[in-house]
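A.B. asks:
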Amino acid sequence: MDEKCMKRKFVFDLCNEQQIEINIPEILDPRYGMYTWPAAAVLAQYIVNRRDYIKTKFILELGAGTSLPGILASKLGANVTLSDNSLFPQCIEHSKRSCKENQVLDKVDFVGITWGQYSLALLNLPHVDIVLASDCFYDEKDFEDVLVTVAFILNRYKNSKSWITYQERISDFDIVHLLHKWKLKCCHIPLKMFDAGSSSIGQSHLPGNHTIRMIELTL
Ligand SMILES: C[S@@+](CC[C@H](N)C(=O)[O-])C[C@H]1O[C@@H](n2cnc3c(N)ncnc32)[C@H](O)[C@@H]1O
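Here the sequence shown stands for residues 17 to 235, where the numbers follow the working numbering.
1) Given 8 Å as the limit, is there contact between the segment 116-123 and the segment 137-154, that is, 3 or more CB pairs closer than that?
2) Please tell me whether L84 and F26 are closer than 8 Å, where the distance is taken between their beta carbons.
3) Beta carbon of T165, beta carbon of I228: below 8 Å?
4) Let me know the beta strand (DSSP E) ranges lying completely inside the segment 111-169, each 3 residues or longer, listed in chain order.
5) Does DSSP put K23 in a helix, in a strand, or in coil?
6) Are A94 and K73 close, meaning C-beta to C-beta below 8 Å?
7) Examine ligand 1 and report whether any of its heavy atoms sits within less than 7 Å of the Cβ of I87.
8) Taking a contact to mean a Cβ-Cβ separation below 8 Å, would you say S111 touches L98 in this structure?
9) Can you name the start and end residues of the alpha helix (DSSP H) that D68 belongs to?
10) Taking only three categories from DSSP, how would you classify M230?
11) Based on Cα-Cα distance, which residue from W53, Q34, P41 and F28 lies nearest to E184?
12) Would you kindly work out how many angstroms separate the C-alpha atoms of L163 and I36, rounded to a whole number?
13) Measure the C-alpha to C-alpha separation of L88 and D190 and round it to an integer number of angstroms.
14) What whole-angstrom Cβ distance do A55 and G218 have, given they're in contact under 8 Å?
15) Quick one: Cα of C203 to Cα of Q133, how far?
16) Which residues does DSSP list as the beta-bridge partners of I36?
17) Going by DSSP in three states, Q13 sits in which element: helix, strand or coil?
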């Protein structure tokens, strides 16, 4: 493994004292999703909490980066497709590396999806029940593009929903007008409801003292 590469370990508690361990390779260059962001740990904890529900569901992760939530969902029995920006193939390669490290490379599909683009990759997706996105709302210029892609999928697949975590970096973060424009309903999910209210999730140092929020979007 490259000398700049290190591994971050997560250990999530299931029932009956069972645990699930995920090791994420990370490159010390956070620019292209080569690093696990605090919001990913929160979304992963939500997936653990909803493990009975997600089993056998079809899940697409947007902007997956190191792919902690998607890998966990795959290990818990979901059919997972991981996506990242089609313009950054190195991110998808890193996602594959992460899957290989966790023995799910053969179970997961990979696709390049750039937010806001009605690409063939998006149009050719198999069924989707749940769209995951962690820390995809970090640059205001992309907010609408992320929601355009989510709205497209929710409109296409009946009863699908999106689970999104984001890091509150600016106190006036506001997507209400965009949710209204794309006719999306938003439900806030308090982190305490799924044991994600502490600074350490999955025995890791994430999310630390960052403010992370979780929402569910539906039509
Ligand atoms: C802050 S990182 C979050 C990565 C991962 N979800 C996590 O929480 O650890 C943002 C991710 O979005 C991807 N991304 C950035 N711009 C994108 C775009 N326009 N379309 C699709 N993915 C994009 C990046 O490559 C990166 O993997």
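In this text, a Cβ means the ideal position worked out from N, Cα and C, and glycines have one as well.
C.D. replies: In short:
1) no
2) yes
3) no
4) 125-128 and 146-150
5) strand
6) yes
7) no
8) yes
9) R67 to I70
10) strand
11) W53
12) 31 Å
13) 29 Å
14) Actually they do not touch by this definition, with Cβ atoms about 13 Å apart.
15) 25 Å
16) F28
17) Residue 13 lies beyond the range of the chain shown here (17 to 235); nothing can be said about it.
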